[in-house]
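Numbering (my numbering), first residue to last: 495 to 1073. One structure is given below, encoded as C-alpha cells.
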Ligand code: NAD
C-alpha cells in the first residue's frame, strides 16, 4: 500500500497538489513514508499543472513522530533531512496542514514547509529529548529561526508540546483553522499563491536570531546543571541552538547532525527508548478486558498526614479532586498541613506553580479526625504507619464507613495486601497504591493486586493514576513489589560498601556519577530512616538467614549514629564473611 497519495484540487482557483500521508495506525514517519513523500514532492514540483502543494495526514492527523518500530535500526532510503530539503527547495508554495499531533520528525517536516496551518486541538513539539535524542533533521535550527532561542530552548529541552494557539502566538504556525482543516489549508494556500507571497524558507530567516543574548545559553546550562548531569541530549540541544544563533545555517546544521549521531550512538538513547516501550507495555494488562469501564474518582480521602499522606493528598488536589486528610490527632494534622503548605510554597517560589493554582489546590484539601467524613469518597488511600496491626485497624474502620463500591487502597511498602484486605468484609475492593517519595513529585505508582482484587478496581486504579499524572505499573502481591525488590538488592551492596570503610557520601557520589539523580543514603534520609527501621524489624521473621546481612542496616537510627562515629574516628567494622 502506498503511504503517500497525491490528488490535484483545482476546483476553486490555483491547482493545488494535496499530498496525503496515510500510514496506519498512527501515521508515523517510517522509511516508506520518507521515500514516498520525497517522490511525491519531487513529482508535484516537476508537474507543470501544479501551482502549490498542501501536505496533510489521513483523517487530518499529521505525523506524530518517527515509527517506534524502527527505533534503533539502521535506516535505508532518503533521510528526513533529504525530504525536508526537497520540500523547502520546492519552487512552489508548500503548506503543512497540521492536526492531531505534529511531533518530532512530523514537526520537522512541517518546519521545512513554507507555511503552516493547524487545527485548534493540534499539539506541536519536538519531544526527542525524552528518548535521549535531539531533533536531527533541522528541528533545532529551524525552530530557533522561527521562534527565537528562548522559546526554542524551552520547547526542545523539555520536549513538551505546545497548543495550536500558543504555536500561533510564537510563530510556529501562521493560521489556526477552526473549520475543516483541508478546506482551510487550501484557502490559505491559494491566498499565498494569489498574493504572490515570497516563499518563506525558515532556514533563510534571521530576524529572530539576530542579536540573541549569549548569556541565555550560559544561564540555562547553569540552571539545569544538576538536572542534566550526565545526560547528553539536553546539553547538545543547547549547543545546537547556540550554534543556530551564531553560525550560518549550513554550519550549524552540520553541528546538529554530529550531535544527533553522538546521541544516537549513546547507550542512554537505547535505554530511554527501552523505557519508552516499557511504559507503553506496562499500561496493557493481560487478562483485563479492554471494555471494563473505569470508575471515575470525583472525591478522595487519605488516612495518615505524614510524609506520604500529605504528598498523596497533593496529587489529588493538583488534579482538581477534593480530598479529606485524616490523622489520629490535631497535632499530626497540623504537621501534615504545614508540610503541604511548605511544599506548595517551594513550587511557587521556584516558579513551577502559580499562586492562584496553589490556592485552588490547598482549598481542595480538608483535614479531619472523623472517619465518618470519608464515607462518600470514591477512593481512600491509607498511608499510616508501616505496621500490620495499625493497617488492619484502619481498614476495619474504613470498612465500616466507606460507601459500597469505594476503592480501599493502601500505600504499604512491604506488607501483604491480602492480610490487610482480610480485615474488611470486602477484600475485592482492596488494592495497593504504592506511591514513591516525594509522592507529589515521583511519577511511578505501583498498583498492587491482591489475590481477589476485582478487575474493575484494578482498571479504575490504573485509570486514576493517569488522571493524577502518574505512570502506573501493575504488580503482584509479592515481597517488595517491584521497586523495593530492586532497591533491596542495590541497598544491600551499598551497605556492604559502608562496612568496608566507604562513607555514605562516597557511595552517593559514585551513584550520582553513574547517573542516578540522587544517591541511596540521601534518598533514605528523605524517605525517613524510621520507615526502613519499621520494615526491617517486621521482616526479620522472614529473612533468608543463608544470605549475608549487613548489621549496619539492622536499624536506620543505629546506622545513622554508627556512620557519624565511623566517620569521626576511622574505625572500620569487622567484616562478616560474604555468602
Ligand atoms: P509517617 O510516619 O511520615 O506518617 C504516618 C502518618 O500516619 C502519621 O502522621 C501518623 O500520625 C499517621 N497515623 C499513624 N497511625 C494512624 C492511625 N491509626 N490513624 C490515622 N493516622 C495514623 O510515614 P510515611 O513515611 O508517610 O509512611 C506511610 C506509609 O507509606 C507506610 O505504610 C510506608 O511504608 C509507606 N510508604 C512510605 C514511603 C516513604 O518513602 N516514606 C514510600 C512509599 C510508601
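Glycine included, C-beta positions come from ideal geometry on N, C-alpha and C. These numbers come from a predicted model, not from an experiment.
Query raised in the report: Can you give the Cα-Cα distance for residue 698 and residue 743, rounded to whole angstroms?
Result: 8 Å
Query raised in the report: Residue range of the alpha helix (DSSP H) that residue 503 falls in?
Result: Where residue 503 is concerned, there is no enclosing alpha helix (DSSP H), although the beta strand (DSSP E) it sits in stretches over 498-503.
Query raised in the report: In angstroms, rounded to a whole number, what distance separates the CA positions of residue 505 and residue 612?
Result: Answer to the nearest angstrom: the Cα atoms are 22 Å apart.
Query raised in the report: Which one of 960, 736, 580 has the shortest CA to CA distance from residue 941?
Result: 960
Query raised in the report: Cβ of residue 796 versus every heavy atom of ligand 1: is any distance shorter than 7 Å?
Result: no
Query - Exposed unless 16 or more other CB atoms sit within 10 angstroms - verdict on residue 1068 - result: Summary for residue 1068: the model assigns pLDDT 36, below 50, so the residue's position carries little reliability, and this model does not support an answer.
Report task. For residue 984, count neighbouring C-beta atoms within 10 Å of its own C-beta (all shown protein chains included) and say buried if the count is 16 or more, exposed if not. Result -> exposed
Query raised in the report: Could you give the residue range of the alpha helix (DSSP H) that holds residue 746?
Result: 743-759
Report task. Taking residue 735 as the reference, give the member of 817, 954, 628 with the closest Cα. Result -> 628
Report task. Could you work out which residue in 850, 776, 876 is closest to residue 966 when comparing CA atoms only? Result -> 776
Query raised in the report: Does the beta carbon of residue 821 fall short of 7 Å from some heavy atom of ligand 1?
Result: Shortest gap from the CB of residue 821 to any heavy atom of ligand 1: under 7 Å.
Query raised in the report: Is it true that the CB of residue 757 sits closer than 8 Å to the CB of residue 727?
Result: yes
Query raised in the report: CB of residue 835 to nearest heavy atom of ligand 1: below 7 Å?
Result: Residue 835 Cβ: outside cutoff for every heavy atom of ligand 1.
Query raised in the report: Looking only at its own chain, which residues have a Cβ that is under 7 Å from the Cβ of residue 509, when we skip the five neighbours before and after it?
Result: Leaving aside the five residues that flank residue 509 on each side, the residues in its chain whose CB is nearer than 7 Å to its CB run, in chain order, 502, 543, 544, 545.
Query raised in the report: Which residues in the same chain as residue 582 place their Cβ atom closer than 7 Å to its Cβ, once the five residues preceding and following it in sequence are excluded?
Result: 606, 695, 697
Report task. Could you name the residues of the same chain whose beta carbon sits closer than 7 Å to that of residue 712, not counting the 5 residues immediately before and after it, in chain order? Result -> none
Requested in this report: Please state whether DSSP places residue 935 in a helix, a strand or coil.
Outcome: Residue 935: coil per DSSP, three-state reduction.
Query raised in the report: Alpha carbon to alpha carbon, what distance is there between residue 641 and residue 703?
Result: Going by the C-alpha atoms only, they are around 9 Å apart.
Requested in this report: Could you tell me the distance, in whole angstroms, from the CA atom of residue 512 to the CA atom of residue 907?
Outcome: Answer to the nearest angstrom: the Cα atoms are 57 Å apart.
Query raised in the report: By how many angstroms is the C-alpha of residue 1002 removed from the C-alpha of residue 1042?
Result: A direct Cα-Cα distance of roughly 22 Å separates residue 1042 from residue 1002.
**Report entry** Cα-Cα separation, residue 499 to residue 769
**Finding:** 34 Å
**Report entry** Three-state secondary structure assigned by DSSP to residue 967
**Finding:** strand
Query raised in the report: Does any heavy atom of ligand 1 sit closer than 7 Å to the C-beta of residue 905?
Result: yes
Requested in this report: Look at residue 834 and residue 877 and say whether their C-beta atoms are less than 8 Å apart.
Outcome: no
Requested in this report: Give a yes or no on whether the C-beta atoms belonging to residue 939 and residue 779 are separated by under 8 Å.
Outcome: Judged by beta-carbon spacing, residue 779 lies beyond the 8 Å limit of residue 939, meaning their Cβ atoms are not closer than that value.
Report task. Please list, in chain order, all residues of the same chain as residue 902 whose beta carbon is under 7 Å from its beta carbon, the five residues on each side excluded. Result -> 874, 889, 892, 896, 918, 923, 924
Requested in this report: Check each candidate in 562, 677, 659 and name the one with the smallest Cα separation from residue 670.
Outcome: Nearest of 562, 677, 659 to residue 670, Cα basis: 659.
Query raised in the report: Taking buried to mean at least 16 other C-beta atoms within 10 Å of its own C-beta, is residue 934 buried or exposed?
Result: Residue 934 sits buried, since 16 or more C-beta atoms from the chains shown fall within 10 Å of its C-beta.
Query raised in the report: Which of helix, strand or coil does DSSP assign to residue 1049?
Result: In this prediction, residue 1049 has a pLDDT of 33, which is less than 50 and means its spatial position is unreliable; what the coordinates show is noted afterwards. DSSP places residue 1049 in coil when its eight states are reduced to three.
Query - Cα-Cα separation, residue 910 to residue 623 - result: 39 Å
Query raised in the report: Closest Cβ-Cβ distance between residue 632 and chain C: below 8 Å?
Result: Given the protein chain composition of this structure (a single chain), no chain C is represented.
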